[in-house]
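Here the structure comes first, spelled out in structure tokens, and everything after it is commentary.
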Amino acid sequence: EAEPSVGGGPGGSCRTRRLYVSFREVGWHRWVIAPRGFLANYCQGQCSLPATLPGPRGPPTLNHAVLRALMHSAAPGPAGLPCCVPARLSPISVLFFDNSDNVVLRHYEDMVVDECGCR
Amino acid sequence: ARAPGAPGPAAALLQALGLRDAPQGAPKPRPVPPMMWRLFRRRDPQEARVRQRQTPPGAPLRPCYVEELGVAGNIVRHVLDRGAHTWTPEPSATGQCPQWTAIFDLSAVEPAELMSRVRLELRFVAEERAPGTAGGWELSVARATQGVGVGPVLLRQAVVSLRMPVRVELLGTAYAHNTSVPRSLQLVLALSPLATGTCACLAEASLLLVTLDPRLCHPLARPRR
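Chains C and G, in that order, are what the protein sequence lines are.
Our numbering puts the first sequence at residues 147 to 265.
Our numbering puts the second sequence at residues -5 to 219.
So, in structure tokens, the structure goes:
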């Protein structure tokens, strides 16, 4: 399940959008004990000015991204705008049965997008 | 030459999660050990968010570290014994209690994974009310050799009561730290009453194995200047 983008395209400024990953969707619900799924989210949106300059609580601004946005606003060219990508991620843990009927707990880093940024 | 067909989405996700393949068919239903639930709830960010609403935030959890067990690790496995064959020693040693062979299948563990905790958990059943068992027991753990032979005793441990599971740390005795995991672990267990008394029965043997897969650990990011 994904949050539809505004106007059907990558509208609005760069920000985190909701994406729920359900283990049932890929048929793993029989052997994944918990969780049933998780909010992975994704990044989408324009990285033009001023979106490239997030507020004080946003991800750190990359000077290069600001430069590109400035160049693009002055004279759009092949370089294009910076990209809207994950800037801060967090882990998840998955509890499941493996092929030998062991109960396994695995921890995975960088599975959930908490914050997006222009890069 | 064409590269082999790209894996489907599910196979690609499995690969990204470091899993060789999805278990085939429905697993044999078995209860999830309370310890595994506790470890999952402790680490699961969604559970953590619920917890933060209920209790003041504690120190952030360190990546690649199992706080509850106090060791480095990012994979915890609860492995059930596949052996548990009861056999009695030679007739000359009649009067001795039975011994058990416990076999743990660790073939699912990847060679890159390093052991950081190997805990044997044994549940015994004995009539503690029988006379003479007040002195407790002595558990001995040895390696099983080919056939039903017994290798050298790896450790002995006093057992005061059988009401609680008996836990035995094997890392440092049966296995050295940071060594790769063997494909199978075969142990011979014996529980002898220290005073004359009845023998106990082994009801269940399981292994709690914590490993660290360094490939899934990101070097800690340097603080930004």
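The C-beta atom is built at its ideal place from N, Cα and C for all residues, glycine as well.
It should be emphasised that the depicted structure is a prediction, and the values quoted were computed from it without experimental measurement.
Alpha-carbon spacing of residue i relative to residue j, whole angstroms
{"i": "Arg161 of chain G", "j": "Leu203 of chain G", "result": "13 Å"}
{"i": "Arg117 of chain G", "j": "Trp174 of chain C", "result": "32 Å"}
{"i": "Leu195 of chain C", "j": "Ala221 of chain C", "result": "13 Å"}
{"i": "Gln151 of chain G", "j": "Pro208 of chain G", "result": "33 Å"}
{"i": "Glu198 of chain G", "j": "Leu183 of chain G", "result": "12 Å"}
{"i": "Ala189 of chain G", "j": "Glu132 of chain G", "result": "10 Å"}
{"i": "Gly154 of chain C", "j": "Tyr59 of chain G", "result": "Legend: pLDDT at Gly154 of chain C = 47, less than 50; position of this residue unreliable, no value from coordinates given."}
{"i": "Ser246 of chain C", "j": "Pro23 of chain G", "result": "12 Å"}
{"i": "Ala6 of chain G", "j": "Phe169 of chain C", "result": "14 Å"}
{"i": "Leu222 of chain G", "j": "Leu148 of chain G", "result": "There is simply no residue 222 of chain G to check, as chain G begins at -5 and stops at 219 in what is shown."}
{"i": "Ser239 of chain C", "j": "Ala180 of chain C", "result": "8 Å"}
{"i": "Pro27 of chain G", "j": "Asn68 of chain G", "result": "18 Å"}
{"i": "Leu185 of chain C", "j": "Leu235 of chain C", "result": "12 Å"}
Check whether residue i and residue j have beta carbons under 9 Å apart
{"i": "Val250 of chain C", "j": "Leu241 of chain C", "result": "yes"}
{"i": "Leu196 of chain G", "j": "Trp94 of chain G", "result": "yes"}
{"i": "Asp260 of chain C", "j": "Thr162 of chain C", "result": "yes"}
{"i": "Gly263 of chain C", "j": "Cys160 of chain C", "result": "yes"}
{"i": "Ala102 of chain G", "j": "Arg71 of chain G", "result": "yes"}
{"i": "Val172 of chain C", "j": "Ala4 of chain G", "result": "yes"}
{"i": "Leu206 of chain G", "j": "Arg113 of chain G", "result": "no"}
{"i": "Ala66 of chain G", "j": "Ser174 of chain G", "result": "no"}
{"i": "Leu185 of chain G", "j": "Ala96 of chain G", "result": "no"}
{"i": "Leu100 of chain G", "j": "Arg177 of chain G", "result": "yes"}
{"i": "Gly223 of chain C", "j": "Gln192 of chain C", "result": "no"}
Given residue i as reference, the closest of the options once Cα atoms are compared
{"i": "Leu165 of chain C", "options": "C:Trp177, C:Ser219, C:Ala148", "result": "C:Ala148"}
{"i": "Met257 of chain C", "options": "C:Asn187, C:Met217, C:Leu216", "result": "C:Asn187"}
{"i": "Ala120 of chain G", "options": "G:Glu163, G:Ala5, G:Pro159", "result": "G:Pro159"}
{"i": "Val153 of chain G", "options": "G:Thr139, G:Pro187, G:Arg113, G:Leu165", "result": "G:Pro187"}
{"i": "Gln90 of chain G", "options": "G:Pro25, G:Cys193, G:Ile97, G:Leu63", "result": "G:Cys193"}
{"i": "Leu179 of chain G", "options": "G:Val73, G:Leu33, G:Phe34", "result": "G:Val73"}
{"i": "His253 of chain C", "options": "G:Asp99, G:Ala168, G:Thr139, G:Arg56", "result": "G:Arg56"}
{"i": "Cys229 of chain C", "options": "C:Thr207, C:Thr198, C:Arg265", "result": "C:Arg265"}
{"i": "Gly166 of chain G", "options": "G:Ser110, G:Arg37, G:Pro27", "result": "G:Ser110"}
{"i": "Arg221 of chain G", "options": "G:Gly130, G:Phe98, G:Gln9, G:Gly129", "result": "An answer regarding residue 221 of chain G cannot be provided, because it is not within the stretch -5 to 219 covered by chain G."}
{"i": "Glu115 of chain G", "options": "G:Gly64, G:His212, G:Gly143, G:Val135", "result": "G:Val135"}
{"i": "Arg32 of chain G", "options": "G:Val144, G:Glu62, G:Pro146", "result": "G:Glu62"}
Short CB-CB distance (under 9 Å) between residue i and chain C
{"i": "Ile97 of chain G", "result": "no"}
{"i": "Cys193 of chain G", "result": "no"}
{"i": "Ser110 of chain G", "result": "no"}
{"i": "Val175 of chain G", "result": "no"}
{"i": "Gly12 of chain G", "result": "yes"}
{"i": "Arg161 of chain G", "result": "no"}
{"i": "Ser186 of chain G", "result": "no"}
{"i": "Pro105 of chain G", "result": "no"}
{"i": "Ser101 of chain G", "result": "yes"}
{"i": "Phe34 of chain G", "result": "yes"}
{"i": "Arg117 of chain G", "result": "no"}
{"i": "Val65 of chain G", "result": "no"}
{"i": "Leu181 of chain G", "result": "no"}
{"i": "Cys58 of chain G", "result": "yes"}
{"i": "Met30 of chain G", "result": "yes"}
{"i": "Leu7 of chain G", "result": "yes"}
{"i": "Arg24 of chain G", "result": "yes"}
{"i": "Pro92 of chain G", "result": "no"}
Cβ of residue i within 9 Å of any chain G Cβ
{"i": "Pro181 of chain C", "result": "yes"}
{"i": "Val172 of chain C", "result": "yes"}
Neighbour flag for residue i against chain B, beta carbons, 9 Å
{"i": "Asp75 of chain G", "result": "Included in the structure are the protein chains C and G, with no chain B among them."}
- Any residues in the region 222 to 254 of chain C with a beta carbon nearer than 9 Å to a beta carbon of chain G? Which ones, in chain order? Residues of the region 222 to 254 of chain C with a C-beta less than 9 Å from any C-beta of chain G: Ser236, Pro237, Ile238, Ser239, Val240, Leu241, Phe242, Phe243, Asp244, Asn245, Ser246, Asp247, Asn248, Val249, Val250, Leu251, Arg252, His253, Tyr254, listed in chain order.
- Task: Mind checking the region 183 to 197 of chain C against chain G and listing, in chain order, the residues whose C-beta falls within less than 9 Å of any C-beta there?
- Result: Near chain G, meaning a CB-to-CB distance below 9 Å, the residues of the region 183 to 197 of chain C are Phe184, Leu185.
- Residues from the region 198 to 211 of chain G in contact with chain C, defined by Cβ distance under 8 Å: Those would be Leu210, Cys211, in chain order.
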